[in-house]
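Protein chains in written order, with this note's numbering: chain A, 507 to 663; chain B, 3 to 450.
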């Protein structure tokens, strides 16, 4: 089974010079946790996710564990301050610049292995040789596809 | 440091023991300075070589280990490891910031004061380990640059640590070697520390303080910190404070009770370990003890063990006596000039190299000067000169003290790295100023 058979082709994307807050609104409306980010020539520049935005809002010295607890700090004040510092910035400042890229001719087994071995990716972007976006495959898409095949087999039996 | 009975040693290949001992010392100190290897491993290797090469026999090596220093360090490390779990450091830091209504400059002053006091009563590494992250949180909320605060914290920790017997490892070593009590340090060193602190804070105001501003909204954010939420374990806090104050009270009377501070610290540590786990099952107790023991800085303890043996080896060869004679010849046998030399050389050396091996080497050297100046009591000002020089000298550069490097690590993680040369540009002059004040103090009190 090739990647192009199950990839999602109805895509919601954003451009590198859009603001983080605008992109977050679009993600919310589309009920997505990640969006591919495109350059002005429509090639893939990266991926932004709710995780990557949040990791830029929470200061490194808190994430690093230097403070064994921060329950005494005014959390909303600090988070709001850092969010407002980030919100107007271009989405390119928080996007992941090395997303998992695959070709449409890769097998499902190969895509699954790449998703697992890359560790942090739940999505692979399907691109052509010029890095133009063709589709997206998520770990959920693969499992859903396998589940539907099994259900089909059971019905056939 | 113990005086080791002279015993003829058979050095390997019939080499001159002096050269072998000095070569081992220089080799170990040189590699420590390169920071390529763990310093505890290096000092233990050096200690082993002293024995294997025949400079010392095993009995002499063990006799050279100052168990008062080891015991005091270990005992205080256990007490601090338990106390820090209560959240009291964070509580005091937040309370201090709120006391001054979130005013950026006064927060810097208050956090520096808290750091200095904690560094004097506990150890400065633990103090900055716990205060620096809270400082980052406070400066973040204030929207001000953390560097001036972290810079002040470093200086305050080393200044505060100078004040007492237990504030800084060099003082523990000096106190043990020269039989100087906790009270001796309180009487002779503590009085000058507030003066030095105030002068340093005043200079920091001229350097950074005038530019520290925050909006009313940001100051209001500081007032929203909840210091009570920082306290994680009230019963443990009460037990820790009880033991901590008892141990400090014990230090002040230990001399008259003919007890070493190490005994008080180790006993206090044992009592706190018992109190901490009171009412728990045997498994829970074992788990808790293992957790606390894991937090003791064994690397530092073993570093000291190896270092004491290396220095004993060098001392054993008589080279320290020769160095003492050369130093005395250089100062013309003048006591004031000798004290000044000890003070300034210690300060410069401690700014550039680890002050612990430096002090370990200086201790037998100063001991050797005692007969020239009329005995052990007469040379007491030299010990104060060494303590002031070695502890305050740590402020001269980022590598001058362990606490400095810990704060630099926090700054790095906060995305505000402290550059080595930038710190030195700001700190070295200030360090020289503090040594100048210490010099005047020593002169007026002991040398005039």
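Backbone N, C-alpha and C fix where the C-beta goes; we use that ideal spot for every residue, glycine too.
Name the residue from the options whose alpha carbon lies nearest to the alpha carbon of residue i.
i                      : options                    : result
residue 103 of chain B : B/426, B/218, B/446        : B/218
residue 434 of chain B : B/118, B/159, B/201        : B/201
residue 601 of chain A : A/620, A/594, A/608, A/557 : A/557
residue 538 of chain A : A/634, A/629, A/657        : A/629
residue 423 of chain B : B/130, B/353, B/123, B/293 : B/353
residue 609 of chain A : A/517, A/599, A/632        : A/632
residue 223 of chain B : A/581, A/552, A/625        : A/581
residue 194 of chain B : B/161, B/230, B/300        : B/161
residue 181 of chain B : B/92, B/446, B/253, B/272  : B/253
residue 216 of chain B : B/192, B/109, B/152, B/420 : B/109
residue 604 of chain A : A/562, A/554, A/524, A/592 : A/554
residue 519 of chain A : A/512, A/511, A/612, A/552 : A/552
residue 329 of chain B : B/384, B/93, B/32, B/357   : B/384
residue 573 of chain A : B/356, B/443, B/139, B/336 : B/139
residue 591 of chain A : A/513, A/523, A/521, A/527 : A/527
residue 255 of chain B : B/186, B/287, B/210        : B/186
residue 242 of chain B : B/277, B/220, B/264, B/209 : B/277
residue 568 of chain A : B/413, B/430, B/446, B/177 : B/413
residue 71 of chain B  : B/390, B/172, B/209        : B/172
residue 26 of chain B  : B/313, B/438, B/441        : B/313
residue 124 of chain B : B/190, B/323, B/184, B/376 : B/184
Using a cut-off of 7 Å between C-beta atoms, extract the partners of residue i located in chain A.
i                      : result
residue 227 of chain B : 578, 579, 580
residue 92 of chain B  : 578
residue 218 of chain B : The premise fails here: residue 218 of chain B is roughly 13 Å from chain A at the closest Cβ pair, so nothing lies under 7 Å.
residue 223 of chain B : 580, 583
Please classify residue i as buried or exposed, where buried requires at least 16 neighbouring CB atoms within 10 angstroms.
i                      : result
residue 9 of chain B   : Confidence is the limiting factor: at residue 9 of chain B the pLDDT is only 44, short of 50, which leaves the residue's position unreliable and the question unanswerable from this model.
residue 317 of chain B : buried
residue 398 of chain B : buried
residue 76 of chain B  : buried
residue 658 of chain A : exposed
residue 515 of chain A : exposed
residue 284 of chain B : exposed
residue 167 of chain B : buried
residue 121 of chain B : buried
residue 425 of chain B : buried
residue 152 of chain B : buried
residue 282 of chain B : exposed
residue 427 of chain B : exposed
residue 653 of chain A : exposed
residue 650 of chain A : exposed
residue 280 of chain B : exposed
residue 107 of chain B : buried
Please state whether DSSP places residue i in a helix, a strand or coil.
i                      : result
residue 521 of chain A : strand
residue 550 of chain A : strand
residue 8 of chain B   : Since pLDDT at residue 8 of chain B reaches only 46, below the 50 mark, its modelled position is unreliable, and the value read off the structure follows with that caveat. If DSSP states are grouped into helix, strand and coil, residue 8 of chain B belongs with coil.
residue 372 of chain B : helix
residue 320 of chain B : coil
residue 555 of chain A : strand
residue 165 of chain B : coil
residue 78 of chain B  : helix
residue 602 of chain A : strand
residue 514 of chain A : strand
residue 625 of chain A : coil
residue 400 of chain B : coil
residue 335 of chain B : coil
Using a Cβ cut-off of 8 Å (strictly closer), state whether residue i contacts chain A.
i                      : result
residue 84 of chain B  : no
residue 336 of chain B : no
residue 450 of chain B : no
Under 9 Å Cβ-Cβ, which residues of chain B neighbour residue i?
i                      : result
residue 575 of chain A : 89, 92, 231, 232, 234
residue 542 of chain A : Near residue 542 of chain A there are no residues of chain B at all, since even the closest Cβ is about 28 Å away, more than 9 Å.
Say whether chain B places a C-beta atom closer than 8 Å to the C-beta of residue i.
i                      : result
residue 642 of chain A : no
residue 590 of chain A : no
residue 570 of chain A : yes
residue 583 of chain A : yes
residue 650 of chain A : no
Listing by chain order, which chain A residues have their CB less than 8 Å from the CB of residue i?
i                     : result
residue 96 of chain B : 578
Starting from residue i, find everything on chain B with Cβ-Cβ shorter than 7 Å and list it in chain order.
i                      : result
residue 567 of chain A : 135, 138, 412, 415, 416
Since residue i meets chain A, which of its residues come closer than 9 Å, beta carbon to beta carbon?
i                      : result
residue 143 of chain B : 579, 580, 583, 584, 587
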